[in-house]
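Residue numbers (the numbering used here): 273 to 470. Idealized CB from N, CA, C, for every residue including glycine. Data block below; observations after.
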Amino acid sequence: MTTSISSISARPALVDSLHQDRASARVQVAGIVGFALLTVLGAQVRIYLWEVPFTLQTVAVYGSGLYLGWRNGAAAQVLYLLLGLVFPVYAGDGYGAQYLFSAVSAGYLFGFPVAAAIVGTVTRRWKSLSGATVSMICGSLAMFSMGVLWLHYAAGHSTWLESIDKGWLRFIPADLAKVLLLGLLYTGSRRFGREAGH
């Protein structure tokens, strides 16, 4: 018995069972909690080169939008922010509302749910590698815009160029690498899931 390529490509992938459009309530809750915890883990990998640290959090942020959808992806990131009000899960050493609103990187944190929602919205209809890549770049632009805006005033930079340099330009190579690798992982896992279900 053979299966055509077109029928395989039309079959939902196993990883799509996590998506808000297909998942049961329990699976949706598990996905939200799971990606919130992945964001916590990503915050533990941090390198301070200037005011804003390099972390792996954006992998979980983009991933939550890709795999969970716009609503649940954003919910996972809101849950992460709420966890930081009680537990030291942010990339810095502090926690709580006062710490969150005084941190120079707070704009990026508030941009996490926005980025996840954008990624999930774009990939709802455009799930190819190019679609996933474009969605993450759009989400990244929104998140970094919020981050740079907050950083400029919180850090007291004398010029916007300094804020853009330290808060965005220096992160572009690493962020593009994350986008490419995650895009390949996402499309690869969907393709494997369809073929495994064959």
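Here's the rule: buried if 16 or more other CB atoms are within 10 angstroms of the residue's CB, otherwise exposed. What is Trp-398? If you number the sequence shown from 1, residue 398 lands on position 126. Burial state of Trp-398 is exposed, judged by a 10 Å Cβ sphere holding fewer than 16 other Cβ atoms.
Sequence-distant residues of the same chain with beta carbon closer than 8 Å to Val-451, five excluded per side: Here residue 451 is taken as the residue at index 179 of the sequence shown, counted from 1. Cβ within range, chain order: Tyr-334, Thr-405, Met-408, Ile-409, Ser-412.
Does the separation of the CB atoms of Pro-325 and Ala-363 fall below 8 Å? Mapped onto the sequence shown, residue 325 falls at position 53. Mapped onto the sequence shown, residue 363 falls at position 91. Contact: yes.
With which residues is Phe-326 paired in a DSSP beta bridge? In the sequence shown, the residue the question calls residue 326 occupies position 54. Note: Phe-326 sits in a beta bridge opposite Ile-319.
Which listed residue (Gly-392, Trp-422, Arg-343) has its alpha carbon closest to that of Tyr-380: For the purposes of this step, residue 380 is taken as residue 108 along the sequence shown, with counting starting at 1. Looking at the Cα atoms, Trp-422 is the closest of the given residues.
Within the region 337-364, ranges of the alpha helix (DSSP H) (whole runs, at least 4 residues): 342-355
Can you tell me whether Asp-293 is buried or exposed? The criterion is at least 16 other CB atoms within 10 Å of its CB, across all chains shown. Along the sequence shown, one-based indexing puts residue 293 at 21. That one is exposed.
With H, G and I counted as helix, E and B as strand and the rest as coil, what does DSSP make of Arg-462? Stepping through the sequence shown from its first residue, residue 462 is reached at position 190. Note: Arg-462 maps to helix in three-state DSSP.
Hey, would you say Leu-340 sits closer than 8 Å to Ala-348, going by beta carbons? Working through the sequence shown from its first residue, we reach residue 340 at position 68. Working through the sequence shown from its first residue, we reach residue 348 at position 76. Yes, these two residues count as a Cβ contact at 8 Å.
Can you grab the Cα-Cα spacing for the pair Ser-279 / Ala-449, in whole Å? One-based indexing of the sequence shown puts residue 279 at position 7. One-based indexing of the sequence shown puts residue 449 at position 177. In this prediction, Ser-279 scores a pLDDT of 39, lower than 50, which makes its location untrustworthy; no coordinate-derived value is stated.
In three-state terms, what does DSSP make of Asp-288? Translated into the one-based positions of the sequence shown, residue 288 becomes position 16. Asp-288: helix per DSSP, three-state reduction.
Between Val-420 and Leu-338, what straight-line distance do the alpha-carbon atoms span, to the nearest angstrom? Within the sequence shown, residue 420 is the residue found at index 148, counting from 1. Within the sequence shown, residue 338 is the residue found at index 66, counting from 1. Rounded to whole angstroms, Val-420 to Leu-338 spans 24 Å at the Cα level.
Looking at Val-312 and Leu-355, is the spacing between their C-beta atoms short of 8 Å? On the sequence shown, position 83 is the one that residue 355 refers to. On the sequence shown, position 40 is the one that residue 312 refers to. Contact flag set, yes.
Whose C-alpha, out of Leu-401, Gln-370, Thr-330, is nearest the C-alpha of Phe-307? Position 35 of the sequence shown holds residue 307. Shortest Cα-Cα distance from Phe-307 to any of Leu-401, Gln-370, Thr-330 involves Thr-330.
Ser-296 to Arg-343, Cα distance in whole Å? The residue you call residue 296 lines up with position 24 of the sequence shown. The residue you call residue 343 lines up with position 71 of the sequence shown. Approximately 14 Å between the Cα atoms of the pair.
In whole angstroms, what separates the C-alpha of Ile-444 from that of Val-361? Taking the sequence shown and counting its residues from 1, the one referred to as residue 444 is at position 172. Taking the sequence shown and counting its residues from 1, the one referred to as residue 361 is at position 89. Annotation: Ile-444 to Val-361 spans about 24 Å, alpha carbon to alpha carbon.
State the start and end residues of the unbroken alpha helix (DSSP H) segment that holds His-424. For the purposes of this step, residue 424 is taken as the residue at position 152 of the sequence shown. If you look at His-424, you'll find it in the alpha helix (DSSP H) that goes 401-426.
Phe-464 versus Ala-427: straight-line alpha-carbon distance, rounded: Position 192 of the sequence shown, counted from the first residue, corresponds to residue 464. Position 155 of the sequence shown, counted from the first residue, corresponds to residue 427. Going from the Cα of Phe-464 to the Cα of Ala-427 covers about 46 Å.
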